[in-house]
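In our numbering, the protein residues as written are 928 to 1368. In this text, a Cβ means the ideal position worked out from N, Cα and C, and glycines have one as well. These numbers were taken from a predicted model, which means no experiment stands behind them. This report concerns only the one structure given below.
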Amino acid sequence: MFLWGTATAAYQIEGAAREDGRGVSIWDTFAHEPGRTRDGHTGDVACDHYHRWREDVALMSGLGLNAYRFSIAWPRVLAQGRGEVNARGLDFYDRLVDALLAAGIQPVPTLFHWDLPQALEDRGGWLNRDTAAVFAEYAATVAGRLADRVPLWITLNEPFVHMAYGYAMGLHAPGHLLLTDALPAAHHQLLGHGLAVQALRAAGARQVALTNNCTPVWPASQEEADLRAAEAYDVLHNRLFNDPLLLGKYPDMSAYIPTLDFLRDGDLATIATPIDALGINYYNPTRIAAPTADGLPFADAGVTGFPTTAFGWPVVPDGLRELLTGLKARYDTALPPILITENGCSQDDVPADDGTIEDTARVAFLEGHLAAMRQAMAEGVDVRGYFAWSLLDNFEWAEGYHQRFGLVHVDFATQRRTPKRSYHWFREFLKAQNRTQNTDT
Ligand code: BGC
928 MFLWGTATAA
938 YQIEGAARED
948 GRGVSIWDTF
958 AHEPGRTRDG
968 HTGDVACDHY
978 HRWREDVALM
988 SGLGLNAYRF
998 SIAWPRVLAQ
1008 GRGEVNARGL
1018 DFYDRLVDAL
1028 LAAGIQPVPT
1038 LFHWDLPQAL
1048 EDRGGWLNRD
1058 TAAVFAEYAA
1068 TVAGRLADRV
1078 PLWITLNEPF
1088 VHMAYGYAMG
1098 LHAPGHLLLT
1108 DALPAAHHQL
1118 LGHGLAVQAL
1128 RAAGARQVAL
1138 TNNCTPVWPA
1148 SQEEADLRAA
1158 EAYDVLHNRL
1168 FNDPLLLGKY
1178 PDMSAYIPTL
1188 DFLRDGDLAT
1198 IATPIDALGI
1208 NYYNPTRIAA
1218 PTADGLPFAD
1228 AGVTGFPTTA
1238 FGWPVVPDGL
1248 RELLTGLKAR
1258 YDTALPPILI
1268 TENGCSQDDV
1278 PADDGTIEDT
1288 ARVAFLEGHL
1298 AAMRQAMAEG
1308 VDVRGYFAWS
1318 LLDNFEWAEG
1328 YHQRFGLVHV
1338 DFATQRRTPK
1348 RSYHWFREFL
1358 KAQNRTQNTD
1368 T
């Protein structure tokens, strides 16, 4: 069955930050520090999904989805990150999983979507190797409760973005500005993934995947310096996270990373523990030029000549086809089946006087990207699912509530949910898919 879903993440939608024994996460700390997020927005309330989850499941059921990717808040399950389990936290996900199954929607939980328990950050977060083993313990705890009903698990969401924004550039929690010294945070996340795959399987999980954010890299010119910089960016954004996972080795980074002194015997074998699918989040390609003086081996030259989202990100549907066929060419038989675990766009969606939200640019975005996905499949890439980002407008990290990605509009003052034009469009699209599937069989 091809999985058709929407995706969300705990800190972006749940709210209830202090309820039922939830511990503090690095995002609670970061968002409450002055100047970290736009207008000081926090996820304290977000979409109040923790209380309104029934309504949100009903919205998904109305869409006709057969899958839903959400994330589990680690500090809701283990307030200190390890040790005493908070049963009320697990109860929440238990109820959600049952409600999804009752609605014919397959739950696809992600175990880590950036909300590390603050208690673990206080011991170094992902810079500390111990966090990898603690993550696997947490994975086992959650699977112990849910593996009987959850067929597919995702360990990490976008370890690249967490390393780059959280540890290298200081734009996301935990807010470190370490540039290329952030690399141990990549390795320990990957190690945590490998250990978690093993722990999940031991706890009875059937299928396990990891989600990487990947981007086609375009050199700004054919000049040697730009080509070299583009290659460095491809290595640091894409290959650093896919090569060890799929090939059991790191790409050559010696030109800009002097030592991999965090790497120990056996780590790569653990990281390469076989997975059942690779999750891919695609938003846009990246154009790269020779480095400027900021200590990084590349510079972002910006993609021009395409329409842009409210974020200013270029809309390049064919980039998805290019990415998928590129992965197939690079990894060939080592590439497991692919799930598009996120794809979507932010728009300035303002309700009209009659309350409707005509987000036609989002409809065009989805149409274009779904066609590109189909094209990649026709060119031989084994894609097994597509999850639109996102079900709801939500807390967009450092941008707070300013970027709206939802198929459903959320009025954050009243928590009123209003399906946008794209929601209705996606529902009709899915109906047509079902009709074709039924005719095919
Ligand atoms: C993340 C989401 C985020 C989205 C849009 C992805 O990097 O997984 O949490 O909201 O992109 O920025």
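In the assembly as shown, Gln1274 is a buried residue. Its beta-carbon has 16 or more other beta-carbons within 10 Å. The region 1268-1285 makes contact with the region 1308-1317, as at least three CB pairs between them are under 8 Å. When beta bridges are read from the DSSP output, Phe1314 appears opposite Gly932. Here Glu1158 carries a helix assignment [DSSP, helix/strand/coil]. Between the region 1029-1043 and the region 997-1016 there are three or more C-beta pairs closer than 8 Å, enough to call the two in contact. The C-alpha of Thr1235 lies about 11 Å from the C-alpha of Tyr1210. The residue from Gly1333, Thr1213 and Ala1220 with its alpha-carbon nearest to that of Arg1344 is Gly1333.
Within 7 Å of the C-beta of Glu941 there is not a single heavy atom belonging to the ligand BGC.
Going by DSSP, Val1135 is part of the beta strand (DSSP E) stretching over Gln1134 to Asn1140. Of the other Cβ atoms in all chains shown, fewer than 16 fall within 10 Å of the Cβ of Asn1365; this residue is therefore exposed. Under the DSSP definition of a beta bridge, Arg996 partners with Ala934 and Val1035.
At a Cβ-Cβ threshold of 8 Å, Leu1190 and Ala1112 do not count as neighbours. With a threshold of 16 other beta carbon atoms within 10 Å, Ala1220 falls short and is exposed.
Looking at the DSSP output, His1336 sits in a beta bridge with Thr1345. With fewer than 16 neighbouring CB atoms inside 10 Å of its own CB, Gln1149 falls in the exposed class.
Membership of Gly1206 in the beta strand (DSSP E) is indicated by the continuous run Ala1204 to Asn1208. Inclusion of Arg1076 and Leu1005 in the CB contact set at 8 Å is not warranted, their separation being larger than that value.
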